[in-house]
Amino acid sequence: MAPVTCRNAGEVTGQFDRATRAEVELAEKDTGFDMKGKLTCLRYPNFTLKELDLGEKGAAGIYIASSEGPCQLNPTLDRKIEDDSAGYLWGAVGPYAFFRGADGWNGGLPFVVYDARTGERLLQDLLAGEFAGLSLVGEELTLRYRRTFAATCSLLAAPETCAATIRQELGLAADRPMPDCRPAYQPAIDADPDAAKAIEAWPSVIDYPVERTLSASGTSFVAIEGDLTCRPSM
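In the numbering used here, the protein residues as written are 9 to 242.
This is the structure:
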């Protein structure tokens with residue numbers, strides 16, 4: 009096992025709790041894949057998050073482990089997270105571990121939140137941009153962020169009916185203004201004017217601000233004040 013590189017992870021994890029970050033180069037015999045790799049560990053007071061990187065998109069393994077011991081894989085004790093949306097380590101707030109997707113979806117970033125104590129997945133959602141706020145009071149975590157929502161209709165092709173559908177599905181007020189989708193659709197229309205009608209019918213993707221509460225018993229969210237943005241689905 010190669011020497012360990014350690015540094016404080018606060019500058020990497022942003023609004024997440026501060027952690028001690030270690031990176032270890034692993035030989036083929038230590039990865040379990042007959043390939044060399046790198047193990048990244050984020051150590052918190054009560055647990056450690058581990059990510060095995062083999063140089064491919066997405067981690068080869070994501071684990072929740074004890075806060076004790078060196079930065080190395082322990083197949084017997086490490087809890088492996090089997091989740092297509094958990095592509096990379098992200099960070100933690102209190103007992104809640106965050107993992108982000110290896111790929112975006114419709115312009116949003118998939119992410120999941122696990123209870124590090126039990127290994128249970130508590131939340132899966134799509135984030136546009138960065139978290140506006142992460143705050144923990146007792147066992148309740150509050151997340152403020154812009155959520156990505158893929159509608160089944162086009163605000164450009166059917167503005168009135170689609171707006172009503174989106175407001176209902178997102179729990180928005182009946183008079184909540186909808187965004188102007190034309191600028192986001194226009195480049196595709198300009199590239200293929202003959203297909204303008206078909207392009208205008210592409211379902212719309214909406215980013216909108218939410219406040220979500222999360223605890224070991226469940227999660228819920230509400231839309232909050234702020235701008236909505238629109239683009240065609242990809």
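Ideal Cβ placement from N, Cα and C applies to all residues, glycine included.
Cα-Cα separation between residue i and residue j, rounded to whole angstroms
i, j, result
"residue 180", "residue 174", "8 Å"
"residue 231", "residue 154", "9 Å"
"residue 24", "residue 193", "35 Å"
"residue 93", "residue 160", "22 Å"
"residue 185", "residue 214", "12 Å"
"residue 96", "residue 177", "30 Å"
"residue 141", "residue 172", "29 Å"
"residue 143", "residue 187", "29 Å"
"residue 72", "residue 240", "37 Å"
"residue 148", "residue 109", "24 Å"
"residue 16", "residue 76", "Summary for residue 16: the model assigns pLDDT 42, below 50, so the residue's position carries little reliability; its value from the coordinates is reported in the next sentence. The straight-line gap from Cα to Cα measures roughly 17 Å."
"residue 52", "residue 65", "26 Å"
"residue 168", "residue 135", "26 Å"
Exposure of residue i, with buried meaning 16 or more beta-carbon neighbours within 10 Å
i, result
"residue 205", "exposed"
"residue 116", "buried"
"residue 99", "buried"
"residue 125", "exposed"
"residue 212", "buried"
DSSP state of residue i mapped onto helix, strand, coil
i, result
"residue 26", "coil"
"residue 58", "strand"
"residue 167", "helix"
"residue 105", "strand"
"residue 208", "helix"
"residue 239", "strand"
"residue 52", "coil"
"residue 175", "helix"
"residue 155", "strand"
"residue 78", "coil"
"residue 65", "coil"
"residue 217", "strand"
"residue 36", "helix"
"residue 94", "coil"
"residue 224", "coil"
"residue 70", "strand"
"residue 110", "coil"
"residue 129", "strand"
"residue 136", "strand"
Pick from the options that is closest to residue i, judged by C-alpha positions
i, options, result
"residue 189", "141, 163, 72, 178", "163"
"residue 79", "143, 32, 187, 183", "32"
"residue 152", "130, 86, 220, 197", "220"
"residue 139", "182, 147, 224, 216", "216"
"residue 102", "55, 73, 85, 108", "55"
"residue 113", "81, 229, 41, 137", "137"
"residue 218", "130, 169, 42, 234", "234"
"residue 119", "74, 68, 107", "107"
"residue 46", "62, 29, 111", "62"
"residue 27", "36, 41, 42, 48", "48"
"residue 150", "36, 43, 229", "229"
Proximity below 9 Å, CB of residue i to CB of residue j
i, j, result
"residue 60", "residue 50", "no"
"residue 38", "residue 70", "no"
"residue 224", "residue 123", "yes"
"residue 40", "residue 85", "no"
"residue 165", "residue 208", "yes"
"residue 121", "residue 34", "no"
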